[in-house]
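In terms of numbering that gives the first Met the number 0, the first sequence is residues 0 to 474. No residue lacks a Cβ here, since even glycine has one placed at the ideal position from N, Cα and C. Inspection log for the structure reproduced underneath, given as structure tokens.
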Amino acid sequence: MTVITRFAPSPTGFLHIGGARTALFNWCYSKKMGGKFLLRIEDTDKERSTQAAIDAIFRDLKWLGIDWDGDAIYQSSRAARHAEVAQDLVKKGKAYFCYCSQEELEAMRAEAQAKGEQPRYNRMWRDRDPATAPAGVKPVIRIKAPLDGETVIDDAVQGRVTVPNSQLDDFILLRSDGSPTYMHAVVVDDADMGITHVVRGDDHLNNAFRQKVIFDAMGVPCPTFAHIPLIHGADGAKLSKRHGAQSVGEFKDMGYLPEAVCNYLLRLGWSHGDDELFTKEQAAQWFELGDINAGPSRLDMKKLDHVNTHYLRLAEDERLAAEILARHPELKIDDEHRIRLAAGMHDLKARAATLIQLAAEAKFYLVDEVAYDEKASAALHDHDAHNAMHHIYDALARLGADFKEAAIDTAVRKIAADHYEGKLAKVMMPLRASLTGSTSSPPILKAAEILGQAETMKRIKAALHWMHDHGHHHH
RNA sequence: GUUCCCUUCGUCUAGAGGCCUAGGACACGUCCCUUUCACGGAUGUAACACGGGUUCGAAUCCCGUAGGGAACGCCA
């Protein structure tokens, strides 16, 4: 039997981070089994579904590198088939028309609740002659759920789960306007698509019992279910807006690489021994539904940062340069900037956790004038800074063609030894501030080499002017 | 309210009755490296929710308790 899995998002918002993980699990399992992975857009709720959300789902899945077999299936396009199956079930005596009004249904729920029972439909039309139907009322179609006994599902993650059938009411398959309910559409589509394994959030675990009733009525074997726990925020509560990012697009904007997001998400709730860093292709070779955890897990941005740091170092310089430039639309970039960025990338990418940090750290290579941040200003206010900068200026001016890290290093150490009792920081910090506008940067002497003698001298001179304007003089 | 699910360091997890004085990763502490911040290296703190069983032996199996979550729509 060929394994066929699916990911079935409803396009009522952007692709949720939890949904992405569900897609990843389905994708991995199909790859592991040499099967297929299908995509179905559950757009039957016309009020809430939007084209923008559909586009975002495609875009984010592609960004993550999750590809699906064949074309995406739109649930809305299958409405006629859903109705056909419901009508067929009525003909076979597995379902029936119900003419109850909203008011009657509400009364039933209230009555059940008052008796301490689950609010549900009381099955009044189950065995009633349709000829007695009130005139002018469009009926819904309800399933005949089993009246007694129990339903058992062997869930690949949760284990054997049993529910007494007394809990299942005759829920609606087809609405009075002829449209299918979610419960019905899902089952008909899964059946028609030949889905063998349904991996989804455990908020659907209860639904699985209702869906099994429909599969049974249709005479189609029920797929294997694997209900995975939801992802929670750092505080353990369900992921919501106040936790910050929820959608894949937001993680992208925050500067995380798709391979890092995939790795992190896969490791959340699934494990292969102690393995931490792996590609989704590697995970696919290892993947077993039984290795998914039954308990919920929380999003840990610190760990995501760590994983992202790892992949940032592995990433090609050209790719990162493009990402950095895309994050600095305000800058006018010329070839000189590009060359510096390429030369500096090696040291740059070894220190950043996200593309945002990387872009911020790279900025001094992409500007012609440096602005000093608070700490850099303070460094330039140090009472030795002005003299130190003069020494540096003079020493670097003499370097000429040998403007290399090693030569600069020798010159700078000599200044520290001659004037500051060997305290390198006395020389390094003002130099760093003048070249980068910050007190935190990649190795500054290498950066000076990359900037080149002319640009380095220009920035030192600019710093000397700045210090003069801010009341600094020779001591 | 009814039904269902879950529970190992702060977090993600390993663990399938003896390999567990419970291992790894992130985070955190200390030290080393060092021109800053990082990185890297070393090292340390830290968990089987609780209570009963079963067993020669339980983190692992069973039953309760507590805590957390989900579902009960002509939403998906």
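Item	Value
C-beta contact flag for glycine 200 and threonine 21 at 8 angstroms	yes
Leucine 88 burial status per 10 Å Cβ neighbour count (16 or more: buried)	buried
Candidates Arg412, Leu430 and Ala416, of which the one nearest serine 376 by Cα	Leu430
For leucine 379 and valine 426, the rounded distance between their alpha carbons	11 angstroms
Distance between histidine 15 and arginine 108 (C-alpha atoms, nearest Å)	33 angstroms
Sequence-distant residues of the same chain with beta carbon closer than 8 angstroms to histidine 473, five excluded per side	For histidine 473, the pLDDT reaches just 48, beneath the cut-off of 50, and the residue's location in the model is therefore unreliable, leaving the point undetermined.
Three-state secondary structure assigned by DSSP to leucine 379	helix
Cβ-based neighbour list, serine 437, same chain, cut-off 6 angstroms, excluding 5 preceding and 5 following	Asp372 and Ala375
For threonine 353, the three-state DSSP class (helix, strand or coil)	coil
CB of arginine 318 within 8 angstroms of CB of leucine 354, strictly	no
Where alanine 115 falls: helix, strand or coil (DSSP)	Going by the sequence as given, residue 115 is glycine instead of alanine. Three-state result, glycine 115: coil.
Span of the beta strand (DSSP E) around phenylalanine 214	Where phenylalanine 214 is concerned, there is no enclosing beta strand (DSSP E), although the alpha helix (DSSP H) it sits in stretches over 204-217.
Cutoff 6 angstroms; reference threonine 308; Cβ partners in own chain excluding five residues on either side	Ala352
Neighbourhood of valine 136 by C-beta, 7 angstroms cutoff - its chain only, sequence neighbours within 5 removed	Tyr98
Inter-residue Cα distance where the pair is phenylalanine 363 and histidine 196	52 angstroms
For valine 198: DSSP bridge partner residues	Ala225
Neighbourhood of lysine 237 by C-beta, 8 angstroms cutoff - its chain only, sequence neighbours within 5 removed	Leu229 and His231
Identity of the residues DSSP links to phenylalanine 6 by a beta bridge	Leu38
Arginine 159, DSSP secondary structure in three states	strand
Cβ contact (3+ pairs, closer than 8 angstroms) linking the region 251-263 and the region 156-170	no
Where alanine 293 sits in the DSSP three-state scheme	coil
Top-ranked residue by Cα proximity to leucine 298, from Ala282, Leu330, Leu276 and Leu264	Leu264
Run of the beta strand (DSSP E) containing tyrosine 28, from where it starts to where it stops	Careful: tyrosine 28 lies outside any beta strand (DSSP E), inside the alpha helix (DSSP H) at 16-31.
Which listed residue (Lys301, Leu434 and Gly235) has its alpha carbon closest to that of arginine 458	Leu434
8 angstroms Cβ cutoff met for asparagine 164 and aspartate 191	no
Reduced DSSP category for serine 239 - H, G, I as helix; E, B as strand; rest coil	coil
Closest residue to isoleucine 140 among Arg174, Gly115, Tyr419 and Pro118 (Cα-Cα distance)	Arg174
CB contact flag (histidine 203, valine 156, <8 angstroms)	no
Candidates Leu463, Pro257 and Ala424: closest to leucine 444 by CA position	Ala424
For leucine 23 and lysine 279, believed in contact at Cβ under 8 angstroms, the rounded distance	6 angstroms
Among Pro441, Phe214, Lys90 and Asp408, the one whose alpha carbon lies nearest that of leucine 357	Pro441
Residues that DSSP places opposite serine 246 in a beta bridge	His15
Cβ separation of isoleucine 391 and valine 411, assumed to be a contact under 8 angstroms, to the nearest whole Å	7 angstroms
Whether threonine 4 touches glycine 34 by CB criterion (8 angstroms)	yes
Selected residue, minimal CA-CA separation from serine 246, among Glu329, Ala446, Ala52 and Lys31	Ala52
Secondary structure of arginine 326, DSSP reduced to three states	coil
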